[in-house]
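The opening position of the sequence shown corresponds to residue 1 in UniProt numbering, with each subsequent residue numbered one higher. The beta carbon of each residue, even a glycine, is placed where N, CA and C say it ideally should be. Below: the structure, in structure tokens.
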Amino acid sequence: MAKSQLLELPPELILACLENLPFRDLDACLESGSRLIRDLIRDSVVIRYRRQQLRAGVEENPQLASNLVISDRVVQLQCRETDWQNFSPRSTHGVNLDFETSGLYDLGSDVYFVGGSPDPKTRMCTAIKAIHTSPGAEWHTIDCGKSIVDFGTALEEHDLIAMVTYTLYGQNLRTASVDVVFFKFSTGTAHPLATRHTLHIHDIEVNCGRPTISIEFSGETLALSIVYWGFERRDMDALHLYNWQTGIPKMDPFPICNTGLAFLTPDLLILTNSMDSALDVLRVPSTDNPEPPNFIHSFHLPLLAPSTSIHTFQCRGAPNPRASFSRPGTAPFLARPASALIQCTLQIITPIGVSSCIFVLDRARFTAVVNSCRKTPRSRGSAEDDGSDEEEDDDHHIDIEWDEWGPRCTRWLDADDLSTQYITTSAGQRMVAIAYNAFQQPAPIRVLDFNPAAVLAFDSADHSDGLHATRRVVPAGTQVLEPFADPLVSGDALRGGHIQASVRLWRSFGE
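The structure is reproduced here in structure tokens:
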């Protein structure tokens, strides 16, 4: 339809054509010279609501959104962001943990998980216990019946909890079967989308020790990294990619040296590489036919100081990219995966001991960098440069040095007095941290908010400390960290810094 014909439509129909356009197209419409279109866009509560969600790094819960008109949802989102700005909890309540746990744990958007009581012989649990975070909730148990090494969830997308099991069998019980068992979280029964309730991964000799696991889901893809730290040969350490619904592998097992992994997008996976001091980006195959691993690029970390090496390198981003909602939970707004941070934690061996380092990766900005590198001319970084300017396909691997990507995408944190646990410590654009010695010396919980709009609003407004929190803006800048050869610069990424709040709800942790 020509522009003149569009403008002849009733305003409500023109607005209906505009409201769901991408923001770049809406911005172009604002520059079109039409006063009618400009006023419709600027006065639209739907467009304003969409823009507020984007700035807040959230998306609305589709299960609850239909219960409120748009204007009420706008107010609800504004109240949510104000509560985060002031760090004022709506409510607080305790959870009664009146049973022994195995040490496994996780925290979803509205569910807390722990491993059940461990078996005295194996020291592993055979069930996972879960409780909703709403007041008055009770524990319920999902019984696997096998020894559980670790577990992973995809609650919002698939109502899924998957348990990685380790079962002894054979003569003298010298062999173990490593499997993944899929359950529907809400019912505790076999998941109906999984063709195989139990997916066999491999058999392993018991003398190799029990594995360390990382397990993540995005869409139909199961990413499972398995490392046997107690096995000297390390030839069973591998990344496994499966279509968890069909049970068919997406690629052959690929050797790894660390368990760290995180989905960047549904078709891009980040792997931590301690040997080469890099983040490797892997393209997830789109078919169920096993393919050779396809590494797009390796993004190298800053140069380490002499006589240092990376011992462990972990990463995690929450929530994972999702394509649908099966069980959205009870919160009116959910963290937007594309805007979420990926937390990376390193333990580095130095001449005087072990040093811990933490950096956060801006998922949206890093995704843009990766996608632009996938279209990089062959002349850049190619070991076989033929002088052509042709664009590369996804199969071409390039090593990207730190200065070309790091300052744009990362923010390093001072980890000297922070816990470096990477599980359940970040969600969306916020992190929580606490001092190492909180059990011995009571300490406040620290909330770090990296949302650019929140930092800008906090920095430019008159504010005072809230009832429960002491707040300040920590600007981005240059840091000198002992394990690295040069100072680390935070450039464009998270350039406004972050808000750090020392939160004391009713008492400090450890009191």
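Where DSSP assigns a beta bridge to GLN343, which residues make up the other side?
Answer is ARG316, VAL360, bridged to GLN343.
Whole angstroms is fine: what's the gap from GLN5's alpha carbon to LEU13's?
12 Å
Can you tell me whether ALA476 is buried or exposed? The criterion is at least 16 other CB atoms within 10 Å of its CB, across all chains shown.
buried
In whole angstroms, give me the CA-to-CA distance for SER34 and ARG363.
Our two residues, SER34 and ARG363, have alpha carbons roughly 36 Å apart in a direct line.
Using a Cβ-Cβ cutoff of less than 6 Å, which residues in the same chain neighbour ALA56 once the five nearest sequence positions on both sides are dropped?
GLU81
Could you name the residues of the same chain whose beta carbon sits closer than 7 Å to that of LEU21, not counting the 5 residues immediately before and after it, in chain order?
The answer is none, since no qualifying residue turns up.
Let me make sure I understand the geometry here. Which of HIS297, PRO306, SER147, ARG48 has the alpha-carbon closest to that of ASN371?
HIS297
Within a Cβ cutoff of 6 Å, which residues of the same chain sit near PHE359, ignoring the five residues on either side of it in sequence?
Only residues of its own chain outside the window of five on either side were considered, and among them CYS344, THR410, TRP412 have a CB closer than 6 Å to the CB of PHE359, listed in chain order.
Starting from the N-terminal side, write out each stretch of the alpha helix (DSSP H) that is 4 residues or longer and does not extend beyond the segment 39 to 123.
Secondary structure within the segment 39 to 123: the alpha helix (DSSP H) runs of 4 or more consecutive residues, fully enclosed, are 45 to 56, 62 to 65, 70 to 86 (chain order).
By a C-beta neighbour count over all protein chains shown, 10 Å radius and 16 as the cutoff for buried, is ARG30 buried or exposed?
The identity of residue 30 in the sequence shown is Leu, whereas the question assumes Arg. Under this definition LEU30 is an exposed residue.
Bounding residues of the alpha helix (DSSP H) (the contiguous stretch that carries PHE23)
23 to 30
Would you kindly check if the distance between the Cβ of LYS184 and the Cβ of ALA176 is under 9 Å?
Result no, Cβ atoms of ALA176 and LYS184 do not sit closer than 9 Å.
When you compare the segment 303 to 312 with the segment 279 to 294, are there three or more beta-carbon pairs, one atom per stretch, that lie closer than 8 Å?
no
Is the beta carbon of TRP244 less than 9 Å from the beta carbon of ALA335?
No; because the gap between Cβ atoms is not below 9 Å, this pair is not in contact.
Option nearest ILE256 by Cα separation, candidates THR265, PRO249, SER214
Selected option, being the one with the closest Cα: SER214.
Over the uninterrupted beta strand (DSSP E) stretch that includes TRP244, give me the two end residues.
Note, TRP244: premise wrong, no beta strand (DSSP E); not H, not E.
Reference ARG471, options VAL489, PHE484, VAL447, LEU488, closest by Cα
Nearest neighbour of ARG471 by Cα position, chosen from VAL489, PHE484, VAL447, LEU488, turns out to be VAL447.
Give me, in chain order, the residues of the same chain whose beta-carbon lies closer than 7 Å to that of LEU361; leave out the 5 immediate sequence neighbours on both sides.
LEU341, ILE342, CYS344, CYS409, THR410
One or two residues paired with TRP412 in a DSSP bridge
According to DSSP, TRP412 shares a beta bridge with PHE359.
If you draw a straight line from the alpha carbon of ALA127 to that of GLY115, how long is it in whole angstroms?
6 Å
Fully enclosed by the segment 268 to 301, which beta strand (DSSP E) runs are 3 residues long or longer?
With a minimum length of 3 residues, the unbroken runs of beta strand (DSSP E) contained wholly in the segment 268 to 301 fall at 268 to 273, 278 to 283, 295 to 300.
Kindly list the residues whose CB is nearer than 8 Å to the CB of PRO319, restricted to its own chain and excluding five residues on each side of it in sequence; keep chain order.
Only SER109, GLU156, LEU334, ALA335, PRO337, ALA340, ALA427, GLY428 meet the Cβ criterion.
For the alpha helix (DSSP H) containing residue 547, list its first residue and its last residue.
With the chain represented from 1 up to 511, any question about residue 547 goes unanswered, as that position is not in the structure.
Continuous alpha helix (DSSP H) stretch holding ILE14: start and end
11 to 18
Pull up the distance between the alpha-carbon of PRO10 and that of ALA368, whole angstroms please.
38 Å
Between which two residues does the beta strand (DSSP E) holding GLU138 run?
Premise fails: GLU138 is in no beta strand (DSSP E) and is neither H nor E.
Going by Cα to Cα distance, which pick from ALA16, GLN85, ASN273 is closest to VAL45?
Selection ALA16, GLN85, ASN273 evaluated against VAL45 yields ALA16 as nearest (Cα-Cα).
In the DSSP assignment, what are the bridge partners of THR133?
Answer is none; THR133 lacks a bridge partner.
Mapping the DSSP letters down to three states, classify THR470 as helix, strand or coil.
Residue state, collapsed to three classes: strand.
Whose C-beta lies closer than 8 Å to the C-beta of ILE70 among residues of the same chain, with five residues either side of it excluded?
VAL45, VAL46, TYR49
Distance, Cα to Cα, LEU107 vs ARG430?
14 Å
Terminal residues of the continuous beta strand (DSSP E) containing SER177?
175 to 184
With C-beta atoms as the reference, is GLN78 less than 9 Å away from LEU68?
no
Beta-carbon within less than 7 Å of ALA65's beta-carbon, same chain only, minus the 5 sequence neighbours each way: which residues are those?
ARG73
Do SER218 and PRO285 have their C-beta atoms closer together than 9 Å?
no
Among residues of its own chain, excluding the 5 on either side of LEU261, which ones have a beta-carbon nearer than 8 Å to its beta-carbon?
SER214, GLU216, ALA223, SER225, LEU239, LEU269, ILE270, LEU271, THR272, CYS315
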